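Residue numbering for the sequence shown follows full-length UniProt numbering, starting at 1 and increasing by one per position. Built from N, CA and C at the ideal position, the CB exists for glycine as well. In this text, all values refer to a predicted model and were calculated from it rather than measured experimentally. Data first, discussion second: the structure below is written as structure tokens.
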Amino acid sequence: MAENQEPFCCSICLDLLKDPVTTACGHSYCMGCIKESWDQDRLKGVYSCPQCRQTFIPRPVLKKNIVLAEVVDKLKKTGLQAAPPPALCYAGPGDVACDVCTGTRKQKALMSCLACLASYCETHLQPHYESPAFRKHKLVKATTQLQEKICSHHDKLLEVYCHTDQQCICYLCTMDEHKGHDTVSAAAERTEKQRQLGMSQQKVQQRFQEREKELKELQQAVESFKVSIGEWPLSNITDPTAGNRLSGPLSENRLTDFDVAGGATSSHNHE
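Rendered as structure tokens:
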């Protein structure tokens with residue numbers, strides 16, 4: 001039953017269509033939902049389908065799809081209601097909000113598309129998985145820094161790294177201002193940087209282990225010194241006459257030498 005309801009549900013509000021309208025690309029929405037979505041596109045001057053991202057210039061004039069409206073009315077009269085929408089996960093502080101959701105509260109985006117430069121919640125992300133039109137679009141974890149991944153000159157993905165200028169560039173940059181420079185793919189450069197980082201971390205860890213070993217050896221030497229001090233005979237330290245015994249012979253020798261020298265002087269004077 002849920003599968004039969006899906007064609008008659010608005011992908012923006014996730015409810016049964018109200019005053020359904022169908023865009024030129026074939027997708028249907030509530031009149032109010034698509035108007036609100038396109039009101040947000042007014043400043044850009046380009047209006048896009050929230051599902052397939054097909055663009056329209058100028059803003060299309062929307063007309064109620066009478067046939068679809070009658071089908072939805074019959075569904076309501078027979079008691080067939082839309083399946084309950086999936087549990088909503090609204091974007092909170094620090095989260096990336098879905099660019100397709102309308103209203104004051106938007107759902108939390110799961111992925112960002114580098115081709116569309118937009119972020120999508122679980123519901124509005126489905127076309128990227130199901131439609132062949134999005135097959136080549138690159139999805140990344142939802143981020144608010146999409147513009148930082150795009151070349152400011154060519155509006156292309158920064159997927160090349162220039163060694164000459166040490167910066168990320170797009171493939172069009174390699175044909176003009178970075179022509180002839182030493183370049184590699186951004187993925188290859190990332191892999192190389194990770195390898196270098198791993199080697200640096202390994203060297204730091206090795207130095208740390210060497211210093212740790214030296215510290216242990218020093219601690220062992222200190223402990224050995226303490227033990228040797230502890231084994232020194234206490235009698236050599238507590239016996240007050242030990243110093244006399246050591247200095248006695250030396251004093252006697254000095255006295256004898258002095259006496260001898262003095263005696264020699266006296267004899268010389270008498271002579």
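From the options, residue whose alpha carbon lies closest to that of residue i
{"i": "C113", "options": "R190, Q145, T102", "result": "Q145"}
{"i": "Q107", "options": "L75, A97, T22", "result": "A97"}
{"i": "L157", "options": "H163, A187, H181", "result": "A187"}
{"i": "D182", "options": "K216, H163, L197, S200", "result": "H163"}
{"i": "L43", "options": "G103, I57, E214", "result": "I57"}
{"i": "C151", "options": "D165, D176, I169", "result": "I169"}
{"i": "S131", "options": "S224, L197, Q54", "result": "Q54"}
{"i": "C13", "options": "G103, C89, Q209, G94", "result": "G103"}
Close-in-space but distant-in-sequence residues of the same chain around residue i (CB under 8 Å, 5 per side omitted)
{"i": "H137", "result": "C113, L114, A115, C116, H128"}
{"i": "Q167", "result": "Y161"}
{"i": "L68", "result": "F8, L17, P20, T22, S28"}
{"i": "M199", "result": "none"}
{"i": "M31", "result": "K18, D19, P20, V21, L62, K64"}
{"i": "D165", "result": "H178, H181"}
{"i": "V71", "result": "F8"}
{"i": "G135", "result": "According to the sequence provided, residue 135 is Arg. The question's Gly does not apply to it. Taken in chain order, the list of residues that qualify is empty."}
{"i": "K76", "result": "L16"}
{"i": "S185", "result": "E159, V160, Y161"}
Anticipated Cβ contact below 8 Å, residue i with residue j, distance rounded
{"i": "Y171", "j": "E159", "result": "7 Å"}
{"i": "C49", "j": "C25", "result": "5 Å"}
{"i": "N65", "j": "T22", "result": "5 Å"}
{"i": "H27", "j": "C52", "result": "7 Å"}
{"i": "S11", "j": "H178", "result": "Going by Cβ atoms, the distance from S11 to H178 rounds to 41 Å, so no, they are not a contact pair."}
Residues near residue i in its chain [Cβ-Cβ closer than 7 Å; skip 5 each side]
{"i": "D41", "result": "Y47, S48"}
{"i": "I142", "result": "The sequence given here places Ala at residue 142; Ile does not occur at that position. Closer than 7 Å at Cβ, skipping near neighbours: V96, A109, L110, M111, S112, S119."}
{"i": "F38", "result": "It should be noted that the sequence gives Trp, not Phe, for residue 38. Counting only Cβ-Cβ distances below 7 Å, and skipping sequence neighbours, we find Y47, R59."}
{"i": "C121", "result": "C98, C101, Q107, K108, A109, L110"}
{"i": "A133", "result": "C52"}
{"i": "T174", "result": "V160, T183"}
{"i": "K149", "result": "L114, L157, L158"}
{"i": "C89", "result": "Q107, K108"}
{"i": "Q194", "result": "none"}
{"i": "Q205", "result": "none"}
{"i": "E217", "result": "none"}
One or two residues paired with residue i in a DSSP bridge
{"i": "S11", "result": "DSSP lists no partner for S11."}
{"i": "P20", "result": "C30"}
{"i": "K141", "result": "M111"}
{"i": "I57", "result": "According to DSSP, which records beta bridges pairwise, I57 is partnered with nothing at all."}
{"i": "A118", "result": "C113"}
{"i": "I169", "result": "V160"}
{"i": "Y47", "result": "F56"}
{"i": "Y90", "result": "Q107"}
{"i": "residue 272", "result": "Residue coverage of the chain in this structure runs from 1 to 271, which leaves residue 272 outside it and unanswerable."}
{"i": "K64", "result": "V21"}
{"i": "T102", "result": "DSSP lists no partner for T102."}
{"i": "V184", "result": "Y161"}
{"i": "A133", "result": "Paired residue(s): none; A133 is not in a bridge."}
{"i": "I150", "result": "L157"}
{"i": "A221", "result": "Note: A221 sits in no beta bridge, so no partner."}
{"i": "A97", "result": "K108"}
Same chain, Cβ closer than 6 Å to residue i, five either side skipped, listed in chain order
{"i": "T191", "result": "none"}
{"i": "V140", "result": "S112"}
{"i": "V62", "result": "Contrary to the premise, residue 62 reads as Leu rather than Val in this sequence. These residues qualify, in order along the chain: V21."}
{"i": "L250", "result": "In this predicted model, L250 has a pLDDT of only 46, less than 50, meaning its place in the structure is not dependable enough to derive any value."}
{"i": "A91", "result": "A97, K106, K108"}
{"i": "G248", "result": "The predicted model places G248 with a pLDDT of 49, which falls under 50 and marks its position as unreliable; any figure quoted below should be read in that light. Hits under 6 Å: none found."}
{"i": "A261", "result": "Note that A261 has pLDDT 47, beneath the 50 cutoff, so the model's placement of it is unreliable and the number below is only indicative. Around A261: no qualifying Cβ."}
{"i": "K203", "result": "none"}
{"i": "S224", "result": "none"}
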